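Engineer:
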Amino acid sequence: MALIAYAAVYTALATTGLVLLRRSLGDAAAAEIIRDPTFYVGGLFYAASFATFLASLRRFEVLTVFPLFSGLAYATVAVAATLVLDETLTAPRFAGIALVGVGAVLLVR
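Put into structure tokens, the structure is as follows:
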């Protein structure tokens, strides 16, 4: 149950951080990016996701944590990018998410 909690927190933090970072970067110049608070908030969320990842490594095997967290983050970032950033989730991308999910399940078992 603790692994699921760590995974949920990591996934929420990483997805939020990456979406905020991508949104802040856009086509902006470096001078604009460093004045955008969204950039820093996204960075904080992403850093917090990494801290969660490190905390989970203290309790669980890397062969469990890494594929599970990576697979979940890959899937949720793809969905969030589609919903929030108007990126396209094509059939091949959806198939890739499914394959990553299958691989993560096989590695976690």
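At position 59 of the sequence shown (counting the first as 1) the number is 61 in our numbering, and the numbers step up by one without a gap. Glycine is no exception: its CB is placed at the ideal position from the N, C-alpha and C atoms. Since this is a predicted model, take the numbers as computed values, not measurements.
I'd like to know if the region 77-94 and the region 38-51 are in contact, where contact means that at least 3 CB-CB pairs between them fall below 8 angstroms.
Structural biologist: With a cut-off of 8 angstroms, the region 38-51 and the region 77-94 do not count as touching, because too few Cβ pairs lie within range.
Engineer: So the candidates are A33, L15, P69; which of them puts its Cα closest to the Cα of V43?
Structural biologist: Nearest option by C-alpha distance: L15.
Engineer: Using 8 angstroms for Cβ pairs, my map puts A9 next to F71. What's the rounded Cβ distance?
Structural biologist: Confirmed, about 6 angstroms.
Engineer: For the region 94-103 and the region 73-82, state whether three or more C-beta atom pairs, one from each stretch, are separated by less than 8 angstroms.
Structural biologist: Contact between the region 94-103 and the region 73-82 is present, because at least three Cβ pairs lie under 8 angstroms.
Engineer: Would you mind stating whether V61 and T40 have Cβ atoms separated by less than 8 angstroms?
Structural biologist: Before going further, note that residue 61 is Arg rather than Val in the sequence given. Not closer than 8 angstroms, so no.
Engineer: Please report the residue range of the alpha helix (DSSP H) in which A30 lies.
Structural biologist: It is not in any alpha helix (DSSP H) - A30 carries neither H nor E in the DSSP assignment.
Engineer: If we require 4 or more residues per run, which alpha helix (DSSP H) segments fall completely within the region 28-64?
Structural biologist: Those alpha helix (DSSP H) runs which fall completely within the region 28-64 and span 4+ residues are 32-35, 39-61.
Engineer: Does the distance from the CB of R95 to the CB of A82 come in under 8 angstroms?
Structural biologist: Going by C-beta atoms, R95 is not nearer than 8 angstroms to A82.
Engineer: Hey, could you find the ends of the alpha helix (DSSP H) R111 is sitting in?
Structural biologist: Element bounds for R111: n/a, residue is neither H nor E.
Engineer: Is the beta carbon of V11 closer than 8 angstroms to that of T54?
Structural biologist: Yes. Within cutoff.
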